[in-house]
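Visitor: Supplied in C-alpha coordinates, the structure appears directly below.
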Amino acid sequence: MSEKPDQNQHDDHHKEATAGRRLTNYFLTGLVIAAPVGLTIYITWSIIRFVDDFVKPLIPPQYNPDTYLPIDIPGFGLVIAAIALVMLGFLTANLVGRTLVQFGEEILHRMPFVSVLYRGLKQIFETVVSQSHSNFKHVGLIQYPREGLYALVFVSTAAKGEVAEKVEGEDIISVFLPTTPNPTSGFLLFLPREEIHILDMTVEDGAKLVISAGLVAPEYQKKTAELADKAGITKKSKK
52 MSEKPDQNQH
62 DDHHKEATAG
72 RRLTNYFLTG
82 LVIAAPVGLT
92 IYITWSIIRF
102 VDDFVKPLIP
112 PQYNPDTYLP
122 IDIPGFGLVI
132 AAIALVMLGF
142 LTANLVGRTL
152 VQFGEEILHR
162 MPFVSVLYRG
172 LKQIFETVVS
182 QSHSNFKHVG
192 LIQYPREGLY
202 ALVFVSTAAK
212 GEVAEKVEGE
222 DIISVFLPTT
232 PNPTSGFLLF
242 LPREEIHILD
252 MTVEDGAKLV
262 ISAGLVAPEY
272 QKKTAELADK
282 AGITKKSKK
(Lines of atoms letter the chains of each structure in order from A and count residues from 1; the text may use other names and numbers.)
(Lines give C-alpha, C1' and ligand atoms only; values in the text may rest on other atoms or scores of the structure.)
Protein backbone atom coordinates (compact mmCIF):
# COMPACT_ATOMS: atom_id res chain seq x y z
CA MET A 1 0.00 0.00 0.00
CA SER A 2 2.96 2.36 0.73
CA GLU A 3 4.54 1.86 -2.69
CA LYS A 4 1.73 3.55 -4.65
CA PRO A 5 2.03 6.99 -3.00
CA ASP A 6 5.81 6.90 -3.54
CA GLN A 7 5.32 5.98 -7.17
CA ASN A 8 2.79 8.78 -7.60
CA GLN A 9 5.20 11.28 -6.02
CA HIS A 10 7.97 10.09 -8.32
CA ASP A 11 5.74 10.53 -11.36
CA ASP A 12 4.73 14.01 -10.20
CA HIS A 13 8.38 15.04 -9.77
CA HIS A 14 9.21 13.61 -13.20
CA LYS A 15 6.37 15.59 -14.80
CA GLU A 16 7.46 18.78 -13.03
CA ALA A 17 11.05 18.29 -14.20
CA THR A 18 9.90 17.61 -17.75
CA ALA A 19 7.68 20.69 -17.73
CA GLY A 20 10.55 22.77 -16.36
CA ARG A 21 12.88 21.58 -19.10
CA ARG A 22 10.28 22.36 -21.73
CA LEU A 23 9.76 25.87 -20.39
CA THR A 24 13.52 26.41 -20.33
CA ASN A 25 13.83 25.20 -23.93
CA TYR A 26 10.95 27.43 -25.01
CA PHE A 27 12.56 30.40 -23.27
CA LEU A 28 15.96 29.80 -24.88
CA THR A 29 14.35 29.30 -28.29
CA GLY A 30 12.45 32.55 -27.93
CA LEU A 31 15.62 34.32 -26.79
CA VAL A 32 17.56 33.09 -29.83
CA ILE A 33 14.82 34.40 -32.12
CA ALA A 34 14.02 37.68 -30.36
CA ALA A 35 17.51 38.83 -29.32
CA PRO A 36 19.03 39.21 -32.82
CA VAL A 37 15.86 40.86 -34.15
CA GLY A 38 15.61 43.22 -31.17
CA LEU A 39 19.28 44.19 -31.24
CA THR A 40 19.18 44.76 -35.01
CA ILE A 41 16.15 47.04 -34.67
CA TYR A 42 17.70 48.88 -31.71
CA ILE A 43 21.07 49.46 -33.44
CA THR A 44 19.40 50.52 -36.71
CA TRP A 45 17.08 52.91 -34.90
CA SER A 46 20.00 54.35 -32.89
CA ILE A 47 21.97 55.03 -36.09
CA ILE A 48 18.97 56.70 -37.72
CA ARG A 49 18.35 58.91 -34.70
CA PHE A 50 22.05 59.80 -34.43
CA VAL A 51 22.23 60.91 -38.08
CA ASP A 52 18.92 62.76 -37.81
CA ASP A 53 20.05 64.65 -34.72
CA PHE A 54 23.23 65.70 -36.53
CA VAL A 55 21.81 66.54 -39.98
CA LYS A 56 18.35 67.97 -39.29
CA PRO A 57 19.62 71.11 -37.50
CA LEU A 58 21.64 71.91 -40.63
CA ILE A 59 18.54 71.81 -42.89
CA PRO A 60 16.80 75.18 -43.42
CA PRO A 61 13.39 75.25 -41.69
CA GLN A 62 11.49 75.78 -44.94
CA TYR A 63 12.88 72.48 -46.28
CA ASN A 64 12.50 70.50 -43.07
CA PRO A 65 9.18 68.58 -42.96
CA ASP A 66 9.30 68.55 -39.16
CA THR A 67 8.49 72.27 -39.32
CA TYR A 68 5.10 71.66 -40.95
CA LEU A 69 4.13 68.25 -39.56
CA PRO A 70 3.02 67.58 -35.98
CA ILE A 71 5.36 64.58 -35.74
CA ASP A 72 9.01 64.00 -36.58
CA ILE A 73 9.83 61.93 -39.65
CA PRO A 74 12.57 59.46 -38.68
CA GLY A 75 15.19 58.86 -41.34
CA PHE A 76 14.76 62.14 -43.20
CA GLY A 77 18.17 63.35 -42.03
CA LEU A 78 19.69 60.03 -43.11
CA VAL A 79 18.22 60.42 -46.61
CA ILE A 80 19.55 63.98 -46.88
CA ALA A 81 23.00 62.82 -45.70
CA ALA A 82 23.06 60.03 -48.30
CA ILE A 83 22.06 62.45 -51.08
CA ALA A 84 24.73 64.93 -49.93
CA LEU A 85 27.42 62.21 -49.98
CA VAL A 86 26.39 61.13 -53.48
CA MET A 87 26.57 64.72 -54.70
CA LEU A 88 29.95 65.19 -53.02
CA GLY A 89 31.28 62.06 -54.73
CA PHE A 90 29.91 63.24 -58.07
CA LEU A 91 31.51 66.68 -57.75
CA THR A 92 34.81 65.20 -56.61
CA ALA A 93 34.95 62.88 -59.64
CA ASN A 94 35.45 65.78 -62.08
CA LEU A 95 38.56 67.88 -62.55
CA VAL A 96 37.33 70.92 -60.64
CA GLY A 97 36.28 68.82 -57.66
CA ARG A 98 39.59 66.96 -57.52
CA THR A 99 41.47 70.26 -57.67
CA LEU A 100 39.48 71.64 -54.74
CA VAL A 101 40.00 68.46 -52.72
CA GLN A 102 43.75 68.51 -53.37
CA PHE A 103 43.89 72.17 -52.38
CA GLY A 104 42.03 71.44 -49.14
CA GLU A 105 44.28 68.45 -48.37
CA GLU A 106 47.40 70.57 -48.84
CA ILE A 107 46.07 73.02 -46.28
CA LEU A 108 45.32 70.22 -43.81
CA HIS A 109 48.74 68.61 -44.31
CA ARG A 110 50.44 71.85 -43.27
CA MET A 111 48.53 72.06 -40.00
CA PRO A 112 50.22 70.35 -37.03
CA PHE A 113 48.32 67.58 -35.24
CA VAL A 114 45.39 68.03 -37.64
CA SER A 115 47.41 66.54 -40.51
CA VAL A 116 48.18 63.40 -38.50
CA LEU A 117 44.52 62.95 -37.55
CA TYR A 118 43.34 63.55 -41.13
CA ARG A 119 45.83 61.10 -42.66
CA GLY A 120 44.94 58.40 -40.16
CA LEU A 121 41.19 58.78 -40.67
CA LYS A 122 41.56 58.90 -44.46
CA GLN A 123 43.63 55.72 -44.47
CA ILE A 124 41.06 53.92 -42.31
CA PHE A 125 38.12 54.86 -44.55
CA GLU A 126 40.05 54.07 -47.75
CA THR A 127 40.91 50.64 -46.35
CA VAL A 128 37.30 49.92 -45.37
CA VAL A 129 35.95 50.99 -48.77
CA SER A 130 38.58 49.04 -50.70
CA GLN A 131 37.95 45.89 -48.65
CA SER A 132 34.21 46.14 -49.30
CA HIS A 133 34.93 45.71 -53.03
CA SER A 134 37.45 42.88 -52.59
CA ASN A 135 35.94 40.35 -50.24
CA PHE A 136 37.41 37.00 -49.29
CA LYS A 137 36.91 34.32 -51.91
CA HIS A 138 37.17 30.97 -50.12
CA VAL A 139 37.34 29.34 -46.69
CA GLY A 140 40.18 26.96 -45.99
CA LEU A 141 41.96 24.95 -43.35
CA ILE A 142 45.64 25.21 -42.49
CA GLN A 143 47.75 23.46 -39.89
CA TYR A 144 48.19 26.10 -37.20
CA PRO A 145 49.74 26.74 -34.68
CA ARG A 146 51.50 23.39 -35.16
CA GLU A 147 51.27 20.32 -37.32
CA GLY A 148 48.20 18.24 -36.48
CA LEU A 149 46.07 21.21 -35.38
CA TYR A 150 43.81 22.84 -37.96
CA ALA A 151 42.60 26.44 -38.04
CA LEU A 152 39.95 28.07 -40.20
CA VAL A 153 41.19 30.81 -42.55
CA PHE A 154 39.69 33.11 -45.16
CA VAL A 155 41.59 32.97 -48.44
CA SER A 156 42.35 36.40 -49.87
CA THR A 157 44.52 36.62 -53.01
CA ALA A 158 47.88 35.56 -54.33
CA ALA A 159 50.76 37.35 -52.67
CA LYS A 160 51.97 40.40 -54.54
CA GLY A 161 54.91 42.74 -54.52
CA GLU A 162 57.97 42.07 -52.41
CA VAL A 163 56.39 39.10 -50.59
CA ALA A 164 55.88 37.23 -53.87
CA GLU A 165 59.33 38.17 -55.16
CA LYS A 166 61.26 37.14 -52.04
CA VAL A 167 59.75 33.64 -51.92
CA GLU A 168 61.01 32.02 -55.11
CA GLY A 169 59.58 28.83 -56.53
CA GLU A 170 56.47 28.93 -54.33
CA ASP A 171 52.86 29.86 -55.12
CA ILE A 172 52.25 32.01 -52.05
CA ILE A 173 48.69 32.85 -50.98
CA SER A 174 47.66 35.46 -48.42
CA VAL A 175 45.08 34.25 -45.89
CA PHE A 176 43.38 35.83 -42.90
CA LEU A 177 43.27 33.81 -39.69
CA PRO A 178 40.31 35.14 -37.62
CA THR A 179 39.99 34.98 -33.87
CA THR A 180 36.99 33.68 -31.91
CA PRO A 181 34.42 35.10 -31.22
CA ASN A 182 35.46 38.32 -33.01
CA PRO A 183 36.33 37.47 -36.64
CA THR A 184 37.27 41.08 -37.44
CA SER A 185 40.58 40.64 -35.62
CA GLY A 186 43.17 38.06 -36.49
CA PHE A 187 46.45 37.46 -38.28
CA LEU A 188 47.62 37.89 -41.87
CA LEU A 189 49.54 34.81 -42.99
CA PHE A 190 51.38 33.95 -46.20
CA LEU A 191 51.80 30.28 -47.06
CA PRO A 192 52.10 27.98 -50.10
CA ARG A 193 48.88 27.16 -51.93
CA GLU A 194 49.32 23.39 -51.45
CA GLU A 195 49.19 23.82 -47.66
CA ILE A 196 45.65 25.26 -47.81
CA HIS A 197 42.71 22.83 -47.80
CA ILE A 198 39.89 24.70 -49.53
CA LEU A 199 36.43 23.98 -48.05
CA ASP A 200 33.03 24.03 -49.74
CA MET A 201 31.45 26.36 -47.17
CA THR A 202 30.82 30.01 -47.97
CA VAL A 203 32.63 32.87 -46.26
CA GLU A 204 29.42 33.72 -44.38
CA ASP A 205 29.16 30.17 -43.03
CA GLY A 206 32.81 30.30 -42.04
CA ALA A 207 32.24 33.53 -40.14
CA LYS A 208 29.28 31.94 -38.32
CA LEU A 209 31.47 28.99 -37.40
CA VAL A 210 34.13 31.29 -35.97
CA ILE A 211 31.70 33.55 -34.10
CA SER A 212 29.88 30.62 -32.50
CA ALA A 213 33.14 28.87 -31.57
CA GLY A 214 32.11 25.85 -33.63
CA LEU A 215 28.58 25.57 -32.22
CA VAL A 216 26.82 26.67 -35.42
CA ALA A 217 27.85 24.17 -38.09
CA PRO A 218 27.11 24.72 -41.80
CA GLU A 219 24.36 22.79 -43.54
CA TYR A 220 26.84 20.60 -45.40
CA GLN A 221 28.29 19.12 -42.21
CA LYS A 222 27.60 15.62 -43.53
CA LYS A 223 29.47 16.36 -46.73
CA THR A 224 32.44 17.64 -44.74
CA ALA A 225 32.39 14.48 -42.65
CA GLU A 226 32.39 12.39 -45.81
CA LEU A 227 35.39 14.30 -47.12
CA ALA A 228 37.15 13.81 -43.78
CA ASP A 229 36.44 10.08 -43.92
CA LYS A 230 37.89 9.92 -47.40
CA ALA A 231 40.95 11.81 -46.23
CA GLY A 232 41.29 9.35 -43.35
CA ILE A 233 41.10 6.43 -45.73
CA THR A 234 43.73 8.07 -47.90
CA LYS A 235 46.00 8.52 -44.92
CA LYS A 236 45.55 4.91 -43.92
CA SER A 237 46.33 3.77 -47.43
CA LYS A 238 49.54 5.84 -47.41
CA LYS A 239 50.58 4.13 -44.19
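If you count the sequence shown from 1, you need to add 51 to reach the working numbering. Ideal placement from N, C-alpha and C gives every residue a C-beta, glycine not left out.
Should the region 103-121 be called in touch with the region 137-153, which here means at least 3 C-beta pairs below 8 Å?
Guide: no
Visitor: Going by beta carbon distance, what residues of the same chain come within less than 8 Å of leucine 79, once the five residues before and after it are set aside?
Guide: none
Visitor: According to DSSP, is valine 206 part of a helix, a strand, or is it coil?
Guide: strand
Visitor: With respect to the beta strand (DSSP E) encompassing valine 218, which residues constitute its N-terminal and C-terminal limits?
Guide: Where valine 218 is concerned, there is no enclosing beta strand (DSSP E), given that its DSSP letter is neither H nor E.
Visitor: For glycine 237, which residues of its own chain have a beta-carbon under 7 Å away from its beta-carbon, when the five flanking residues on both sides are left out?
Guide: For glycine 237, where only same-chain residues beyond five positions count, the Cβ hits under 7 Å are Phe227, Leu228, Pro229 and Thr230.
Visitor: Answer with yes or no whether the minimum CB distance from alanine 202 to chain B is below 7 Å.
Guide: This model lacks chain B altogether, as it is built from one protein chain only.
Visitor: Given a threshold of 16 other Cβ atoms within 10 Å of its Cβ, counted over all protein chains shown, does valine 167 qualify as buried or as exposed?
Guide: exposed
Visitor: Note down the Cα distance separating alanine 132 from valine 102, rounded to an integer number of angstroms.
Guide: 8 Å
Visitor: Can you confirm whether the region 144-153 touches the region 210-219 when touching is taken to mean that 3 or more C-beta pairs between the two stretches lie within less than 8 Å?
Guide: no
Visitor: Just tell me which of Phe205, Val218 and Ala135 has its CA closest to the CA of glycine 257.
Guide: The residue among Phe205, Val218 and Ala135 with its C-alpha nearest the C-alpha of glycine 257 is Phe205.
Visitor: To the nearest angstrom, report how far apart proline 125 and isoleucine 98 are at their CA atoms.
Guide: 11 Å
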